[in-house]
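Take a look at the structure set out below.
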Amino acid sequence: MASQPSSAQTPVDRPRPQALEVERAVLGAMFIDNAAVSRVIEVLGDETAFYHTANRRVYAAVLALTERGLPVDEVTVAEELKRRGQFEDVGGYPYVASLGGEMATSANAEYHARIVLERAQRRRLIDASTQTIAECYDEAEAVNEVIDRAEQRVFRIAEGEIGQGVVSLQSRLHETLELIEKAQREPDALSGVTTGYLDLNDITTGLQPSDLIIVASRPSMGKTALTLCMARNAALGVLAREKTPVLYFSLEMSMQQLAYRLLCAEAGVSSQQLRKGQLSHEEWQTLAGQVEKLSDAPIYIDDTPGISILELRAKARRAKLEFNIGLIFVDYLQLMTSTARVDNREQEIASISRSLKALAKELELPVVACAQLSRAVEARTDKRPQLSDLRESGSIEQDADVVAFLYRPGVYGIEDDEGQPYGPGKADIIIGKQRNGPTGNVSLTFIPETLQFHDHAPNDPF
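The letter at position 251 of the sequence shown is residue 532 when you use our numbering, and the numbering goes up by one with no holes.
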């Protein structure tokens with residue numbers, strides 16, 4: 282019979298971590314120096330870091346006054362507490378006045394705030410651990426699922442989040458208004474991560490945080506080449522003001538193969554030349570320069586074959602904490618596995634796509650996943666991909682915020698309006714779905730020898 286943990290082994294009867302006098306010191310510092318308010322808010326965020334109920338309510342009143350642009354002192358805080366019907370609950374004016382009267386300086390306000398936060402994080406870890414312990418004793422729970430949820434809880438604590446649940450619209454309106462004002466001031470600025478392509482940036486305004494973007498095509502269209510180019514562009518800050526650290530999960534190709542591809546594209550040298558070492562002196566010099574350039578690009582690669590969605594999410598969370606990842610690529614979705622109990626492959630793919638969308642929301646960054654289209658494309662006269670071609674792959678279409686089809690008509694020997702066959706260089710990105718933007722086509726030029734995609738120019742041969 283499995284032994285149960287004794288009360289001596291658990292911390293349930295011990296006092297929860299707290300620092301009540303330090304909480305009072307933080308509040309008092311803000312009363313005597315309004316410049317300390319912003320420093321404290323930057324450390325603590327909302328009122329949940331405070332342990333004592335009265336202190337939590339006083340700090341919430343400070344936040345409300347600051348939100349309205351009003352000064353913070355004993356009088357204004359007392360009035361705000363009265364307005365909220367909490368004045369007597371916190372101890373009335375004697376308690377509020379005592380907070381400011383105890384402090385002679387605000388010099389240590391930020392340091393004290395960090396102590397309050399540290400105690401709050403310890404309490405949150407205790408709560409998360411208690412929940413995990415309870416799940417461990419439930420044998421109906423799959424252990425991998427328990428591990429995933431435990432990691433998710435710890436990640437949120439490390440990121441300073443505790444899963445807010447229901448949030449008022451008012452709390453987000455000002456943030457949204459600031460984004461709109463920024464877009465008005467800087468009409469050419471992107472609201473998301475750059476793709477490195479002018480027209481693609483224009484139609485999407487960049488790859489948006491919390492979005493799941495599906496790049497789909499039939500095999501041999503160049504999905505890996507395109508997403509590698511996009512990863513490189515984001516990491517180098519092409520058409521952007523800053524670099525974005527990128528995490529690239531490659532389930533199909535090894536890290537060595539990806540390195541070859543990146544070097545080919547960067548140096549403008551064919552993959553055949555590179556593999557055989559058949560480079561001129563000038564090409565070697567160019568290659569050496571590009572190696573140095575790529576070495577400065579914050580690109581992180583994981584080439585675990587057949588990675589499960591649980592393992593991928595765990596690695597993504599760690600990379601977010603360690604490298605401040607701002608963009609994730611998965612190449613490609615159908616090669617992943619799921620630990621969910623499902624009856625068929627379609628349900629498994631649906632579970633994976635839902636999990637990728639959840640990951641994008643959790644980490645607040647775009648997740649770009651490659652996907653193979655069904656063979657239905659080959660059976661049609663019109664080879665241009667359609668959303669219906671994704672439907673055999675579970676709920677990918679429903680979960681995706683953006684679906685971008687990569688289409689190269691030259692692969693099928695299709696002719697242009699003048700009856701001439703398209704060359705291998707013509708590439709269209711067909712935005713078949715965009716939840717918060719327009720659909721449409723973007724023309725790129727593909728160079729098969731060097732595996733490069735670049736913006737289409739009028740004189741590019743097709």
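Glycine included, every Cβ here is placed at the ideal spot set by N, Cα and C.
Cβ shell of Ile728 (< 7 Å), same chain only, five flanking positions each side left out:
Gly706
Could you tell me whether the region 297 to 306 touches the region 364 to 378, where touching means 3 or more Cβ pairs closer than 8 Å?
no
Give me the DSSP bridge partner(s) of Ala685.
Val496 and Ile712
If you scan the region 356 to 428 from start to end, which runs of the beta strand (DSSP E) of 3 or more residues do you find wholly inside it?
none
Using a Cβ-Cβ cut-off of 6 Å (strictly less than) and excluding sequence neighbours within five positions of Gln285, which residues of its own chain qualify?
Here the model assigns Gln285 a pLDDT of 48, short of 50, so the residue's position is not dependable, and the following value carries that caveat. Excluding its 5 nearest sequence neighbours in each direction, Gln285 has no C-beta neighbour in its own chain below 6 Å.
Exposed or buried, what is His562 when buried is set at 16 or more other beta-carbons lying within 10 Å of its beta-carbon?
exposed
Rounded Cβ spacing between Leu488 and Ile606 (contact assumed at less than 8 Å):
By a beta-carbon distance limit of 8 Å, Leu488 does not contact Ile606. Their separation comes to about 13 Å.
Take Ala657 as the anchor and find which of Val648, Leu520, Pro647 and Leu671 has the nearest alpha-carbon.
Leu671
Any idea which residues DSSP pairs Gln733 with across the strands?
Ile728
Buried or exposed: Cys417, going by 16 or more other Cβ atoms within 10 Å of its Cβ?
exposed
Considering just the uninterrupted stretch of the beta strand (DSSP E) at Leu653, what are its terminal residues?
A small fix is needed here, since residue 653 is Gln in this sequence, not Leu. Run containing Gln653: Val648 to Gln653, per the beta strand (DSSP E) assignment.
Give me whichever residues DSSP pairs with Val611 in a beta bridge.
Phe530 and Ala650
Would you kindly work out how many angstroms separate the C-alpha atoms of Tyr581 and Pro526, rounded to a whole number?
Spanning the two alpha carbons is a distance of roughly 8 Å.
Under a Cβ-count criterion, where at least 16 other Cβ atoms within 10 Å of its own Cβ denotes burial, should Leu517 be classed as buried or exposed?
buried
Distance between beta carbons of Val343 and Val353, contact taken as under 8 Å
5 Å
Report buried or exposed for Val424, applying the criterion of at least 16 other Cβ atoms within 10 angstroms of its Cβ.
exposed
Taking Tyr581 as part of the beta strand (DSSP E), name the residues at either end of that continuous run.
Ile580 to Asp583
When the Cα atoms are used, what is the spatial distance from Gly718 to Thr486?
When rounded, the separation of the alpha-carbon atoms in Gly718 and Thr486 is 9 Å.
Below 8 Å between beta carbons: does that hold for Leu654 and Arg522?
No; because the gap between Cβ atoms is not below 8 Å, this pair is not in contact.
Tell me, please, which residues DSSP counts as bridged to Asn722.
Asn722 pairs with Ile711.
Tell me the rounded alpha-carbon separation between Gly477 and Ala652.
Between the C-alpha atoms of Gly477 and Ala652 there is a straight-line separation of about 21 Å.
Counting pairs of beta carbons, one from the region 594 to 602 and one from the region 564 to 575, are three or more of them closer than 8 Å?
no
Delimiting residues of the alpha helix (DSSP H) encompassing Arg635:
Arg626 to Leu644
Below 8 Å on the Cβ atoms is my guess for Leu687 versus Met502; work out the distance and round it to an integer in Å.
5 Å
Check each candidate in Glu420, Arg635, Gln628 and Lys557 and name the one with the smallest Cα separation from Ile495.
Arg635
Proximity winner among Val339, Ile396 and Tyr703, relative to Arg365 (alpha-carbon distances):
Val339
Per-residue DSSP class, three states only, for Leu488
strand
So the candidates are Ile609, Glu645, Asn482 and Asp314; which of them puts its Cα closest to the Cα of His735?
Asn482
Residue range of the unbroken alpha helix (DSSP H) whose run includes Phe312:
Leu301 to Ile313
Continuous alpha helix (DSSP H) stretch holding Met536: start and end
Met536 to Ala548
Beta-bridge partners of Thr618, as assigned by DSSP
BP columns for Thr618 point to Ser589.
Beta-carbon contacts of Pro579 that lie in its chain and below 8 Å, excluding the five residues immediately before and after:
Ala516, Lys524, Thr525, Pro526, Val527 and Phe604
Cβ-Cβ distance between Ala394 and Val307 below 8 Å:
yes
CA-CA distance, Gly700 and Lys664?
17 Å
Span of the alpha helix (DSSP H) holding Gln554?
Ser552 to Lys557
Out of Asp698, Pro702 and Asp682, which has the shortest C-alpha to C-alpha gap to Gly691?
Pro702
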